[in-house]
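Colleague: Heads up: take any position in the sequence shown, counting from 1, add 1, and you land on our numbering.
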Amino acid sequence: MSTATHSLPRTIGAHAVLLTYTAIALFPVIIVIMNSFKSRAGIFGAPLTPPTPKTFDLIGYTTVVGQGDFIHYFQNSLVVTVASLFFVLLFGAMAAFALSEYRFRGNSLMGLYLALGIMIPIRLGTVAILQLMVAS
2 MSTATHSLPR
12 TIGAHAVLLT
22 YTAIALFPVI
32 IVIMNSFKSR
42 AGIFGAPLTP
52 PTPKTFDLIG
62 YTTVVGQGDF
72 IHYFQNSLVV
82 TVASLFFVLL
92 FGAMAAFALS
102 EYRFRGNSLM
112 GLYLALGIMI
122 PIRLGTVAIL
132 QLMVAS
């Protein structure tokens, strides 16, 4: 039976890096949730502060419920998301099996190509798409 030994500084360093990454990843989500409870003036006046009694407003939620057909739109999004997720998992599992079991000439190149798609953030492409949409 082998027992792994971990040094305390290495463990603390790893946890510090992971906590820092978690804070960076969750920061935009927290800001969006906080700003959803503010008035428009409160959002543009101080976007990074929590809502105060002066800036607290539920106008965004009342607009969605009152003017939009939220249930219908949510149902459409749910159907598209579940169907897309099903097919992505199905074809992804089949491709992963094929790439792991069968060896061919471009196997490592194909793996690098797929890994590159994971490493490049999607936002880099959306900026260019939005610029094209604005230009036309």
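A virtual CB, placed ideally from N, CA and C, is assigned to each residue, including glycine.
Could you check where the alpha helix (DSSP H) with residue 17 kicks off and where it finishes?
Modeller: 9 to 36
Colleague: Ignoring anything shorter than 4 residues or poking outside the segment 70 to 108, list the alpha helix (DSSP H) runs there in chain order.
Modeller: 71 to 102
Colleague: Since I believe residue 61 is in contact with residue 78 (beta carbons under 8 Å), could you give me their beta-carbon distance rounded to a whole number of angstroms?
Modeller: About 18 Å separates the beta carbons of residue 78 and residue 61, which is beyond the 8 Å limit, so they are not a contact pair.
Colleague: For residue 55, is the classification buried or exposed, using 16 other Cβ atoms within 10 angstroms of its Cβ as the cut-off for buried?
Modeller: exposed
Colleague: Does the Cβ of residue 43 have 16 or more other Cβ atoms within 10 Å, making it buried, or fewer, making it exposed?
Modeller: buried
Colleague: Tell me which residues share the same chain as residue 112 and place their Cβ nearer than 7 Å to its Cβ, disregarding the 5 neighbours each side in the sequence.
Modeller: 100
Colleague: I'd like to check one pair, residue 29 with residue 39: are the Cβ atoms closer than 7 Å?
Modeller: no
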